[in-house]
Each structure stands twice: as C-alpha cells, then as structure tokens.
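Top to bottom, those sequences are chains A and B. 2 is the number of the first residue of the first sequence in the working numbering; add one for each residue after it. 2 is the number of the first residue of the second sequence in the working numbering; add one for each residue after it. By construction, the Cβ of each residue, glycine as well, lies at the ideal position given by its N, Cα and C atoms.
There are 2 protein chains.
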Amino acid sequence: MTVARSLYRQCADKSDHGSVRMAAVDLTTHPGHLARRLQQAHYLLWNTIVSEETTSPQYAVLNALVAEPGLDQRTVGERVGLDRSTIAEVVSRLGRRGLLDKVRDPQDGRRSLLRLTDEGLRVHRRLGVRVARMNQVFLAPLAADEQAVFIGLMRRVADAAEGLRNPAEPATATG
Amino acid sequence: MTVARSLYRQCADKSDHGSVRMAAVDLTTHPGHLARRLQQAHYLLWNTIVSEETTSPQYAVLNALVAEPGLDQRTVGERVGLDRSTIAEVVSRLGRRGLLDKVRDPQDGRRSLLRLTDEGLRVHRRLGVRVARMNQVFLAPLAADEQAVFIGLMRRVADAAEGLRNPAEPATATG
DNA sequence: AACAGATAGTCAGGGCACTGAGCATTTCAG
DNA sequence: CTGAAATGCTCAGTGCCCTGACTATCTGTT
C-alpha cells in the first residue's frame, strides 16, 4: 500500500535544485539491490575460503551428480537453478577439467547424460568441509536463530520467483 | 558448532553405492546458493516488470548520480557496490546511450566526473514507479513484518562482507 | 626537482546468466 | 506413416562481476 509512496516520493514542490535530489531512492531498502550485493559477498567469500578453481555453480553441479549420477544435463540445470545455456557452459568447463563425463543417451538421442569421474568425486569431497566453513563465515553476523529465519525467508522468496519462470502448465482440463 | 557436522555428514560406512549419495549436501540450506538464486529471481522480475533496456546496476548508477551529481566514477561504484572494472563498463554503456556525461576532473586529472543528461534524468524518473512495484512483487511471498526482517538481515550480512573487501584502515590512533 | 607510493582508470581474460535463433531427435495427431 | 509440436542442446550476442597487469596522475619525501 504505502510502500510505493514512501519509496518514491515525487517532489511536487520544485525549489529549483534542492528538491531534485529528493527523487533519488535509498537502495539499501531495495531487496533486489541487496540480493545482488549478497551474491557478490558470497562470490568473494567462496573465492577466498573455498576455491579459486571451482566456482559455486560448478560445485552445485558436482553435488547434484553425487546425489544422482547419470542425470541428464537439463535436469541437472533444473536441480541447481541454471538455465539451458548456462548449464551447458558450466558442464563444458567441468568436462574440460576431467571432472565429469558426458555421453549421449542411447534411449533418447536428445539427452546428454552426465556422470562424475573419480577426480570429480574427489574434488567434491575435498571442497565439502570448506563449503561448510564458508557458510558459517557468511552467516556469522547473525545470531543462530536469525540464521535459520534468514535461510527460511530467502528460500521462500526464491521459490516463489521460481514459479514465475516455469509458468506452470495450464493444468490440462480447460473446458 | 554442529552446523558443519550436520551439513556434511561423512559416510564412514561404505555399502558400495547407497552411502555414496550421502556425501551430497542439501543446497537449499546453503545461504550462498540461495543468494545466487535470489539474484536470478530479481534479474527475472526486473526484466519483466521494470525494463529490458536498463538493468538494475545501471539504474543504481543513475540513482546515485541523481542524489549526487558530478560524483567521480570510483565513488559512484563504491556507492552502488561495483568494482572499478564493472563500474567502467556500466558507465560506458550509459554514456553510449546518452544518459550521462563523463569529463576529466580539472582539479585531479585521474578522476572522471559523471553527470546525468536530461535523458538520463528522464529515464531514472520513469523507472522509479516500476522499481517500487517490482520490489513489492519480489517480497510478495512474505508478510509485511517478515519483509522488514528480511531486508534487515540481508543488509547486515551484506554490510559485514563489505568490511572484508575494504580491509579497513588500521584506524590511526590505537593507543 | 626527483623519486616512491598511493590513487583513478583502462584493458585483457575468465566465469556466470539470460534471450533468441537454430538443429536434431522424439512424440503425438491424423 | 507422415507432418506438426514438443523437447534437449548448441550457438551468437549482451551484460554483470571479478582478478591481475598496466598507464597516468597526484602527493609526500628528501
């Protein structure tokens, strides 16, 4: 209701210059801007604490394949939240480093089936401890109960937006 | 304390294959992974609700220059959370579109001073309403009080990590 | 005046993330 | 069985984001 009003106070009075600055908003109250800064913070911590070679999205892919070996590329992307183009790039890099194998599905010639190599498994295992430590550092500014709340809220917002991506099938029966 | 243990349960027993999957973690409990997904969600909403031409970081730069016209490039980057390389690219794009002017500081030949053009001001004003609407949609899955909590938590985590970037001057007087 | 260090900006390079176009394969309707 | 629709993937193009190397300018010493 009043949110839009308070965020963007149009200056009806125009005292030449002083009121022009009123048109600017405070970005630290914008969730989108904070989400971006949060991700940058995470990028930084990952790079210093976890690994400089293996990125967070790459680790996510390795992790998905540890959980479900032989998954096809599209599904892996869906599991970790990467679109078709991005998952292709990430998989390509992991393949180039010999961390996973990629084979055409004999049953369905469109699919690419992915499977970790021993080296891929080893990298995933080695990084696990550091990832946990990084998570602690990331959330360190919050008290224990706040951390739980924070994660819950992030998940709910992210999941909600996920629904907007996959427009949800029109539910078969229409008339 | 127990966080690392619960997040990454090493499988001591090895029943061939079933226990291997235990090594995988649940990414939906990882703040970093959620931060990435959150930012993607924001990107999507921005693209559909606010603008396809002007991105969120670009808007942030415009906004900073509305608040403080004639600011130098580095400081603008600091205000909106963009490093020297990224701010250069964003400014270049905005300049190419004629939304801002960039001039060398006569007082200090290293600096580039930035100032919005009339068109830049117009774009910023036009987007303001949509940005507010987008923020509402983004936070819609949360109740009003939860939204406030969420923003507060994000800000604290982001600000804390900010400190790690700029190692903080040794603070002059120590004794 | 000269030199060392700090500072602002550029450039090259690598990675993530999206869209839109296009290709091959599979599936389904007729 | 055949053509249309759906599906999985690739490719080109754009933009954000970082690091490390380099240039130009300024500043404080000596």
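Backbone secondary structure at residue i - three-state DSSP
i: A/Asp109; result: coil
i: A/Val104; result: strand
i: A/Leu140; result: helix
i: B/Ala162; result: helix
C-alpha gap between residue i and residue j, whole angstroms
i: A/Asp109; j: A/Lys103; result: 14 Å
i: B/Leu101; j: B/Val51; result: 20 Å
i: B/Ala159; j: B/Asp106; result: 32 Å
i: B/Arg94; j: B/Asn64; result: 15 Å
i: B/Gln148; j: B/Ala133; result: 14 Å
i: A/Thr118; j: B/Thr49; result: 40 Å
i: B/Ala68; j: B/Arg156; result: 21 Å
i: B/Gly164; j: A/Val62; result: 30 Å
i: B/Ala144; j: A/Arg97; result: 46 Å
i: A/Ile152; j: B/Gly78; result: 29 Å
i: A/Thr29; j: B/Ala162; result: 15 Å
i: A/Asp146; j: B/Leu154; result: 12 Å
i: B/His125; j: B/Leu83; result: 19 Å
i: A/Arg123; j: A/Pro142; result: 32 Å
i: A/Val91; j: A/Ser113; result: 14 Å
i: A/Thr76; j: A/Thr87; result: 13 Å
i: B/Arg85; j: A/Gly99; result: 34 Å
i: B/Leu66; j: A/Leu66; result: 46 Å
i: B/Arg111; j: A/Arg111; result: 55 Å
i: A/Glu53; j: B/Glu53; result: 33 Å
Residue from the options whose Cα sits closest to the Cα of residue i
i: B/Leu46; options: B/Gln137, B/Met155, B/Leu35 and B/Val81; result: B/Gln137
i: B/Gly129; options: B/Thr55, B/Pro32 and B/Ala25; result: B/Thr55
i: B/Leu39; options: B/Leu122, B/Arg126, B/Leu140 and B/Ala61; result: B/Leu140
i: A/Gly121; options: A/Arg111, A/Pro70 and A/Ser113; result: A/Pro70
i: B/Ala89; options: B/Gln74, B/Met135 and B/Gly99; result: B/Gln74
i: B/Val81; options: A/Ser57, A/Pro58 and A/Val26; result: A/Val26
i: A/Arg131; options: A/Leu115, A/Tyr60, A/Asp84 and A/Val77; result: A/Tyr60
i: B/His31; options: A/Arg123, A/Ala162 and A/Val150; result: A/Val150
i: A/His34; options: B/Asp146, B/Arg112 and B/Ala42; result: B/Ala42
i: B/Leu115; options: B/Leu72, B/Asp84, B/Glu79 and B/His125; result: B/Leu72
i: B/Ala24; options: A/Val91, A/Arg127 and A/Gly99; result: A/Arg127
i: A/Met135; options: A/Ala36, A/Tyr44 and A/Arg37; result: A/Tyr44
i: B/Pro58; options: A/Gly99, A/Pro58, A/Arg37 and A/Arg85; result: A/Arg37
Identity of the residues DSSP links to residue i by a beta bridge
i: A/Ala28; result: With the sequence shown as reference, residue 28 of chain A is identified as Leu, and Ala is not the correct amino acid for it. For A/Leu28, which the question treats as bridged, DSSP gives no partner whatsoever.
i: A/Leu117; result: A/Leu101
Distance cut-off 8 Å: residue i Cβ against heavy atoms of the ligand FAD
i: B/Asp119; result: In terms of ligand content, the structure shown is empty, and the ligand FAD therefore cannot be addressed.
**Item:** Contained alpha helix (DSSP H) runs [length at least 4] in the stretch 39-115 of chain A, N- to C-terminal order
**Value:** 57-68, 74-81 and 85-97
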